[in-house]
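Asks:
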Amino acid sequence: MPLTPEDVRNKQFTTVRLREGYDEDEVDAFLDEVEAELTRLLRENEDLRAKLAAATRAAAQNQQQGGMRKGPDGPGPQDQRGPGAPVPAAISGPQPVPPQQQMGGPMG
96 MPLTPEDVRN KQFTTVRLRE GYDEDEVDAF LDEVEAELTR LLRENEDLRA KLAAATRAAA
156 QNQQQGGMRK GPDGPGPQDQ RGPGAPVPAA ISGPQPVPPQ QQMGGPMG
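Counting along the sequence shown from 1, when you hit position 31 you're at 126 in our numbering, and nothing is skipped either side.
#1: Using a Cβ-Cβ cutoff of less than 6 Å, which residues in the same chain neighbour residue 100 once the five nearest sequence positions on both sides are dropped?
#2: Measuring alpha carbon to alpha carbon, tell me which residue in 127, 145, 136 and 157 is nearest residue 97.
#3: In its own chain, which residues sit with a C-beta less than 7 Å from the C-beta of residue 108, not counting the 5 before and 5 after it?
#4: So the alpha helix (DSSP H) residue 102 belongs to, where does it begin and stop?
#5: With DSSP as the reference, label residue 152 as helix, strand or coil.
#6: Please list, in chain order, all residues of the same chain as residue 206 whose beta carbon is under 8 Å from its beta carbon, the five residues on each side excluded.
#7: Using a Cβ-Cβ cut-off of 7 Å (strictly less than) and excluding sequence neighbours within five positions of residue 116, which residues of its own chain qualify?
Rendered as structure tokens:
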């Protein structure tokens, strides 16, 4: 069973009359801190789960939209280059790095 802030708030310690025990005020103060931190962590966890779910939905939508662009007939309208047309640099692959920019060379 996961520990909840309510569990911490409602925790009752047995008081001992025959010998010394813990200072009740100190225990209560510590439990207040634990409850506050646990509440914060649970809220943060909920927020992160919501963000993850939103990002997952967005990624799925992007994949669906990307799949719609390319139908069974081939590339979509955004890629209508004729045969032998030059491929833009951003699509053609990695470009060589000039020697002066490699490993600590002068930066312009």
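In this text, a Cβ means the ideal position worked out from N, Cα and C, and glycines have one as well. Given the structure is predicted, the values throughout are model-derived calculations rather than measurements.
Replies: To lay it out plainly:
#1: Your numbering for residue 100 matches position 5 in the sequence shown. Within the same chain, Cβ atoms closer than 6 Å to the Cβ of residue 100 are found at 130, 133 and 134, the five residues on either side in sequence being excluded.
#2: The sequence position of residue 97 within the sequence shown is 2, counting from 1. Among 127, 145, 136 and 157, the Cα nearest to that of residue 97 belongs to 136.
#3: For the purposes of this step, residue 108 is taken as the residue at position 13 of the sequence shown. Take residue 108, set aside five residues on each side of it, and the residues of its chain with a beta-carbon closer than 7 Å to its own are 122, in chain order.
#4: Position 7 of the sequence shown, counted from the first residue, corresponds to residue 102. Here the alpha helix (DSSP H) through residue 102 covers 100-105.
#5: The residue labelled residue 152 in the question sits at position 57 within the sequence shown. In the three-state reduction of the DSSP assignment, residue 152 falls in the helix class, which pools H, G and I.
#6: The structure shown does not extend to residue 206, since the chain is modelled only from 96 to 203, so the question has no answer here.
#7: Here residue 116 refers to the residue found at position 21 of the sequence shown. Correct list, in chain order: 110.
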